[in-house]
Every structure is written in structure tokens, then in C-alpha cells.
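Counting from 1 along the sequence shown, just add 461 to a position and that's the residue number in the working numbering. Just so you know, even glycine gets a beta-carbon here, dropped at the ideal spot from N, CA and C. Remember, predicted model here, so these are calculated numbers, not experimental data.
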Amino acid sequence: GVSRLGVPQWMWLTETNTAANAACLPNGKCSTTFPGPTGIAASFNRTLWRMKGEVISTELRAYSNANWHRGTQPQAHQGVTGYGPNINIVRDPRFGRNSELPSEDPYLSGEYATYYLQGCQEKDNNGHPRMVALLKHFD
């Protein structure tokens, strides 16, 4: 952050592959956790993929607006930058991140990422994107 400008420290690393990964609020409310990408992509339900993005981005924005933090780092303001989805494709069953991936099918993985990202980066009622989604772990 830049304290002289009143800009708080910004938490860049927020996982958004299955949820808005932030600490639960003091009232006990936590972010929604969705099934892993492999399971949800297997539904072939594009509306569901988009809605997942909408929910995660809305919750991430709410955490940011509440000046909340991620995990055990209360000094780091929860930003609106999310890392996810992981759009690599399953090529080898030994790859440790297979559970984070939608499929071994490039077309299905691309469709999943497209609809999920549309939901994540949709604008709110004031015309601002609810979050900035960053694709990860692709090669």
C-alpha cells in the first residue's frame, strides 16, 4: 500500500478456483465453496459455470468492501484480484493439480474458462467489474 496516499495494502494472491478464499467474517459467514472444476465442468452446464463466477466475484467484492483480509493476514486488505480458473488441461494423471482443472478436453476447458470468467468479470450496478480474474497454470 501507499500510506501517504491513503491506499491500503492490497492482497494480490486470492485463490478463486472453488471459492473466494478469504477468512470468514466475524458473524460466522464464510464464502460459498463450489465443487472442484473437474466435477462442475462435467455438468456441461454453461449457466452454472457463469453463475459460479458471479457468486465468487460478488463475495470477493463484498470482502473487499468490508475491508476484510485473507486467512491469517489481517494487515493485508482483501483485494478484488482473483487467481482462477486454472485452465491447464489434464495430460498426465500424476500431475498434482489435476483436481484444479476442468478436463483433459481442450474444448471443454476453454468453454468452462470462458463462462466462468464472464461471470467473474461482469460489471456491478455501478458499471465496475466485480473482480479481476487472472488465468493460471497454463502452458
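Short of 6 Å from the beta carbon of S518, and not among the five residues preceding or following it, lie these beta carbons of its own chain, in chain order: C581, R591 and M592. In the three-state reduction of the DSSP assignment, V516 falls in the helix class, which pools H, G and I. Taking 9 Å as the cut-off, the Cβ atoms of A574 and P546 count as close.
Counting along the chain, the unbroken alpha helix (DSSP H) around L569 starts and ends at P567 to C581.
Around the beta-carbon of P487, fewer than 16 other beta-carbon atoms lie within 10 Å, marking it exposed.
With a cutoff of 9 Å on beta-carbon distance, V551 and E565 are scored as near each other.
Here the alpha carbon of T499 sits roughly 43 Å from the alpha carbon of L466. Each of V468, G462 and K597 was checked against the Cα of G543, and the nearest Cα belongs to K597. Here DSSP, grouped into helix, strand and coil, assigns G500 to helix. A direct Cα-Cα distance of roughly 6 Å separates T493 from A480.
The Cβ neighbour count for H538, taken over all protein chains shown within 10 Å, is at least 16; the residue is labelled buried. If you draw a 10 Å sphere on the C-beta of P563, you find 16 or more other C-beta atoms in it, and that means buried.
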